[in-house]
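Student: Going by full-length UniProt numbering, 75 is the number at position 75 of the sequence shown; the sequence numbering is gapless.
Glycine is no exception: its CB is placed at the ideal position from the N, C-alpha and C atoms.
If you scroll down you'll find the structure; I have some questions about it.
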Amino acid sequence: MELIRQHARVTAALMIREMSTRYGGKPGGYLWALFDPVAHVVMLTLIFQTIARLPALGTSFPLFFATGYLPFHCYQTMQSFVSGTIKSNKALLSYPMVTPADAVSSRYLLQASTSFLIVIIVMNVVALESDLTLHIDLASAAGACFLATLLGLGVGLSNIALFARFPIYEQIFGVVMRPLMLLSGVLFLPHLIPHPFDDVLLFNPVVHAIILFRKGVYPEYWAQGLDLNYLYTFTAISVFVGLSLFTFSARAMREG
Numbered sequence: 001m002e003l004i005r006q007h008a009r010v011t012a013a014l015m016i017r018e019m020s021t022r023y024g025g026k027p028g029g030y031l032w033a034l035f036d037p038v039a040h041v042v043m044l045t046l047i048f049q050t051i052a053r054l055p056a057l058g059t060s061f062p063l064f065f066a067t068g069y070l071p072f073h074c075y076q077t078m079q080s081f082v083s084g085t086i087k088s089n090k091a092l093l094s095y096p097m098v099t100p101a102d103a104v105s106s107r108y109l110l111q112a113s114t115s116f117l118i119v120i121i122v123m124n125v126v127a128l129e130s131d132l133t134l135h136i137d138l139a140s141a142a143g144a145c146f147l148a149t150l151l152g153l154g155v156g157l158s159n160i161a162l163f164a165r166f167p168i169y170e171q172i173f174g175v176v177m178r179p180l181m182l183l184s185g186v187l188f189l190p191h192l193i194p195h196p197f198d199d200v201l202l203f204n205p206v207v208h209a210i211i212l213f214r215k216g217v218y219p220e221y222w223a224q225g226l227d228l229n230y231l232y233t234f235t236a237i238s239v240f241v242g243l244s245l246f247t248f249s250a251r252a253m254r255e256g
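Spelled out as structure tokens, the structure:
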């Protein structure tokens, strides 16, 4: 019990430190965290409104792109933030009370809460701007965001260990991930892609998180291609593999 209390105290202290270093030194603080998703939604809306009369779903371009980009943002920012945990907290790991697990926990909790806050704010802004009344299925929408953060956590944990052992992997991973937004269904509905490319896209678990989120926002959306069992299984395996690699590498992280 004492170890749990110590872990909670250290994690809380690290969260405060992360908030201070990540947002405290920038004008506007948390407003900077909103800039990326808002900028992407606005940019995509301006581009596609010039080439299409209606989005692939519904009548609002901002809403369509927000429902695609926000769950993707939950995954991408979590994966990136967790992957950099050890590099950013190297000096603190020299203290016996601070463990790599504390650093990861603080980053996950901070980024998850930030991502959920961003989703709530952006969705409300889009609804007001488009004069829409949304009937959101909170279970589907919140579940999609939560699963996206867990998936990001699993990938991030694996990356911590693999980046430390194989420096070239970090470069390869960065290159491979660049087109991920285009391959995750942010800009389109996967079932509208010609066969067999639609089936190939569905191997990407982020696609299923986005479909689930859109299903929670659009009551009329049939969510073709959504496989919840695949999303749950892939996320669970990702977290398990990430935790295993992270645990086996914990001592090397502290000593390296």
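1) To the nearest angstrom, report how far apart residue 96 and residue 241 are at their CA atoms.
2) Alpha carbon to alpha carbon, how far is residue 145 from residue 55?
3) Confirm, please, whether the CB-CB distance from residue 72 to residue 210 is below 9 Å.
4) Indicate whether the contact test is met: 3 or more Cβ pairs, each with one atom in the stretch 29 to 44 and one in the stretch 65 to 81, closer than 8 Å.
5) For residue 175, which three-state DSSP category applies?
6) For the candidate residues 237, 58, 59, 64, whose alpha-carbon lies nearest to that of residue 44?
7) Exposed or buried, residue 135, counting other C-beta atoms within 10 Å across all chains shown (16 or more means buried)?
8) Quick one: residues in its chain with C-beta nearer than 6 Å to the C-beta of residue 148, no 5 flanking neighbours on either side, listed in chain order?
9) Please find out if some non-hydrogen atom of the ligand MG comes closer than 8 Å to the beta-carbon of residue 232.
10) Anyone know if the C-beta pair for residue 216 and residue 127 falls short of 9 Å?
11) Would you call the stretch 160 to 171 in contact with the stretch 233 to 247, where contact means no fewer than 3 C-beta pairs closer than 8 Å?
12) In angstroms, rounded to a whole number, what distance separates the CA positions of residue 167 and residue 3?
13) Can you tell which of 141, 133, 152 has the C-alpha that lies nearest to the C-alpha of residue 109?
14) Apart from the five residues just before and just after residue 259, which ones in its own chain have a Cβ nearer than 8 Å to its Cβ?
15) Classify residue 219 as buried or exposed, calling it buried when 16 or more other Cβ atoms lie within 10 Å of its own Cβ.
16) Is residue 243 closer than 9 Å to residue 150 when the C-beta atoms are compared?
17) With 16 as the cutoff for other CB atoms within 10 Å, does residue 22 come out buried or exposed?
18) May I have the straight-line CA-CA distance separating residue 47 from residue 190, to the nearest angstrom?
19) Near residue 105, what residues of its chain come up, given a Cβ to Cβ distance below 6 Å and the 5 sequence neighbours on each side ignored?
Tutor: The structure says:
1) Position 96 of the sequence shown, counted from the first residue, corresponds to residue 96. Position 241 of the sequence shown, counted from the first residue, corresponds to residue 241. Distance between the alpha carbons of residue 96 and residue 241 is about 26 Å.
2) Position 145 of the sequence shown holds residue 145. Position 55 of the sequence shown holds residue 55. About 22 Å.
3) For this step, residue 210 is matched to residue 210 along the sequence shown. For this step, residue 72 is matched to residue 72 along the sequence shown. Cβ atoms of residue 210 and residue 72: closer than 9 Å.
4) yes
5) Indexing the sequence shown from 1 puts residue 175 at position 175. Residue state, collapsed to three classes: helix.
6) Translated into the one-based positions of the sequence shown, residue 44 becomes position 44. The candidate whose alpha carbon is nearest that of residue 44 is 64.
7) By one-based count along the sequence shown, residue 135 stands at place 135. So residue 135 counts as exposed.
8) On the sequence shown, residue 148 is found 148 positions in, with the first residue counted as 1. Once the five neighbours on either side are set aside, the close Cβ partners of residue 148 are 71, 74, 75, 209.
9) As presented, the structure is devoid of all ligands, the ligand MG included, so that no description of it is given.
10) Reading the sequence shown from its first residue, position 216 is the one you call residue 216. Reading the sequence shown from its first residue, position 127 is the one you call residue 127. No, the Cβ-Cβ distance between residue 216 and residue 127 is not below 9 Å.
11) yes
12) If you number the sequence shown from 1, residue 167 lands on position 167. If you number the sequence shown from 1, residue 3 lands on position 3. Taking the straight line joining both Cα atoms gives about 34 Å.
13) Here residue 109 refers to the residue found at position 109 when the sequence shown is read from its first residue. For residue 109, the nearest C-alpha among the options comes from 152.
14) One cannot answer for residue 259 here, as it falls past the ends of the chain, which runs 1 to 256.
15) On the sequence shown, position 219 is the one that residue 219 refers to. The residue is exposed, with fewer than 16 neighbouring Cβ atoms inside 10 Å.
16) Taking the sequence shown and counting its residues from 1, one reaches residue 150 at position 150. Taking the sequence shown and counting its residues from 1, one reaches residue 243 at position 243. Going by C-beta atoms, residue 150 is not nearer than 9 Å to residue 243.
17) In the sequence shown, residue 22 corresponds to position 22, counting from 1. Its Cβ being crowded by 16 or more others within 10 Å, residue 22 is buried.
18) Within the sequence shown, the letter at position 47 stands for residue 47. Within the sequence shown, the letter at position 190 stands for residue 190. The straight-line gap from Cα to Cα measures roughly 20 Å.
19) Sequence index remark: in the sequence shown, residue 105 carries index 105 (1-based). So the qualifying residues of the chain are 11.
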